[in-house]
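Visitor: This is the structure I have questions about; it appears just below.
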Amino acid sequence: MTDVEQIKPLMSDNGIGWIKVGFAGNDSPIAIFPSVVRCLGHTGDEAHSKSKNLTLKYPIEHEKTTQIIFKMFNVRAMYVANQAMLSLYASGYTMDIVLDSGDNVTHAVSILKGDVQPHAILHLDLSKGDLCGYSTTTAERQIVRDMKEKLAYIALDYEQELKTARTSSNVEKSYELPDGKAITIGAKQFDYPEVLIRPAMIGMDGPGIYEIINNSIWVDHEITALSHSSITIKVSAPPERKYSIWVGGSILASLGTFQDMCISKAEYDESDPSIVHDKCI
C-alpha cells in the first residue's frame with residue numbers, strides 16, 4: 001500500500017451557514033463552525049460575536065475553492081460532490097427524492113440509480129435559514145436557530161393546531177435563554193415551519209416544499225412512465241440528518257474507488273479550476 005493510499009481523506013461540508021470538517025470513515029465531523037467571514041479576517045464564531053458592527057458574507061465558489069485548495073494548501077487530490085447525492089449515500093439508497101433545506105435555499109433533487117437528474121431539480125427560494133431570519137437580527141440568529149431545532153415542528157393539521165394554541169396552553173413549551181431567563185413559545189413552534197409549506201404566509205409567491213417534491217418526481221420522464229399505483233411513498237428523516245451530507249461524503253471517501261474519482265494535482269496543473277465541473281459536480 002502506498003503512502004497516498006494510507007492517508008485518510010479530509011471531509012469538509014462547506015454549507016452556506018455552517019462548515020463541518022472531519023476524516024473519511026468517521027461517523028460524525030470533528031469540528032463544526034459558522035461559515036462567515038469579514039474582510040479583516042474574522043471567521044466563524046469570532047465573526048458572529050462581532051456581527052453587530054459587521055456585514056457578514058457566506059462565500060462559496062467551486063472554481064475558487066478548487067484553486068485555493070491546490071495552490072494554497074498544496075493537496076495531492078480533491079473531489080467536490082453533489083450534496084443531494086451525499087445525503088442519499090448517508091441514507092443507504094440509490095434512488096430517491098432528496099429534499100435539502102439549507103441556510104439559503106431548499107432543493108428537491110431526483111436521483112435515479114445513483115445519478116442526479118438535472119432536469120428534475122427544483123428549488124424554493126426559502127429555507128430554514130430564512131426561518132431564523134424571519135423576525136430577528138443577525139446577532140440573535142444563533143438563539144433562534146437553537147430554539148427552532150429544539151422546539152419547532154410541522155403540524156399535521158395546521159388549522160386545528162392553531163385553534164388549540166389560541167384556546168389552551170397545551171402546545172406551549174419553555175425555552176431558556178443564554179442569560180438564564182425563560183420564555184414561553186406557543187404557536188410559533190409550528191408557525192415558522194409552516195412557511196416552508198405555505199410561502200404565501202410571508203407574502204412569497206411560488207410552491208411550497210410538498211409541491212416541489214411532487215413536481216420533481218413527475219418532471220423526471222423515467223419515473224413518470226410508472227403508474228401511480230406502482231409507487232410506494234416512504235419518508236425517511238435520519239435522526240442526525242443535519243450531518244447527512246457530511247456522513248455521505250465520509251462514506252464516499254472511504255470507498256476503494258474514491259481515489260480514481262478525485263482531481264489529482266497533475267490533472268489540475270494540466271488544466272485550470274474549471275476542471276471541477278468536468279470531473280466532479
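In the UniProt record's numbering, the protein residues as written are 1 to 281.
Backbone N, C-alpha and C define an ideal beta-carbon position, used for all residues, glycine too.
Can you tell me which of the three DSSP states P29 falls into?
Guide: Within the sequence shown, the letter at position 29 stands for residue 29. If DSSP states are grouped into helix, strand and coil, P29 belongs with coil.
Visitor: Return the CA-CA distance between E172 and F190, expressed in angstroms with no decimal places.
Guide: As a first step, residue 172 is located in the sequence shown; it is residue number 172 there, counting from the start. As a first step, residue 190 is located in the sequence shown; it is residue number 190 there, counting from the start. Between E172 and F190, the C-alpha separation is close to 11 Å.
Visitor: Report the partner residues of G22 according to the DSSP bridge assignment.
Guide: Numbered from its first residue, the sequence shown carries residue 22 at position 22. Partner(s): M11.
Visitor: Just to confirm, are V80 and V247 a CB contact at a threshold of 8 Å?
Guide: For the purposes of this step, residue 80 is identified with residue 80 of the sequence shown, where counting begins at 1. For the purposes of this step, residue 247 is identified with residue 247 of the sequence shown, where counting begins at 1. No, Cβ-Cβ distance for V80 and V247 is not below 8 Å.
Visitor: Count the CB pairs spanning the region 110-118 and the region 12-32 that are closer than 8 Å, and state whether there are at least three.
Guide: no
Visitor: Using DSSP with H/G/I as helix, E/B as strand and the rest coil, what is S271?
Guide: By 1-based counting over the sequence shown, the position of residue 271 is 271. Residue state, collapsed to three classes: coil.
Visitor: Should T66 go down as buried or exposed, given a rule of 16 or more other Cβ atoms within 10 Å for buried?
Guide: Here residue 66 corresponds to residue number 66 of the sequence shown, with the count starting at 1. T66 counts as buried, since at least 16 other C-beta atoms from the protein chains shown sit within 10 angstroms of its C-beta.
Visitor: Would you tell me roughly how many angstroms separate the C-alpha atoms of L255 and T106, rounded to the nearest one?
Guide: Mapped onto the sequence shown, residue 255 falls at position 255. Mapped onto the sequence shown, residue 106 falls at position 106. The alpha-carbon atoms of L255 and T106 are separated by roughly 29 Å.
Visitor: In three-state DSSP terms, what is Y243?
Guide: Counting from one through the sequence shown, the residue named residue 243 turns up at place 243. In the three-state scheme derived from DSSP, where H, G and I count as helix and E and B as strand, Y243 is classed as helix.
Visitor: With respect to the beta strand (DSSP E) encompassing V195, which residues constitute its N-terminal and C-terminal limits?
Guide: As a working mapping, residue 195 is identified with position 195 in the sequence shown. Counting along the chain, no beta strand (DSSP E) covers V195; the unbroken alpha helix (DSSP H) around it starts and ends at 188-197.
Visitor: Just the C-alpha distance for P199 and S264, rounded to the nearest angstrom, thanks.
Guide: Counting from 1 along the sequence shown, the entry for residue 199 is found at position 199. Counting from 1 along the sequence shown, the entry for residue 264 is found at position 264. Between P199 and S264, the C-alpha separation is close to 44 Å.
Visitor: Pull up the distance between the alpha-carbon of V235 and that of K71, whole angstroms please.
Guide: Here residue 235 corresponds to residue number 235 of the sequence shown, with the count starting at 1. Here residue 71 corresponds to residue number 71 of the sequence shown, with the count starting at 1. Their Cα atoms are separated by approximately 43 Å.
Visitor: At which residue ranges does the region 106-177 contain complete beta strand (DSSP E) runs of 3 or more residues, listed in the order of the chain?
Guide: 106-112, 122-124, 173-176
Visitor: Does the Cβ-Cβ distance between L88 and I213 come in under 8 Å?
Guide: On the sequence shown, residue 88 is found 88 positions in, with the first residue counted as 1. On the sequence shown, residue 213 is found 213 positions in, with the first residue counted as 1. No, the Cβ-Cβ distance between L88 and I213 is not below 8 Å.
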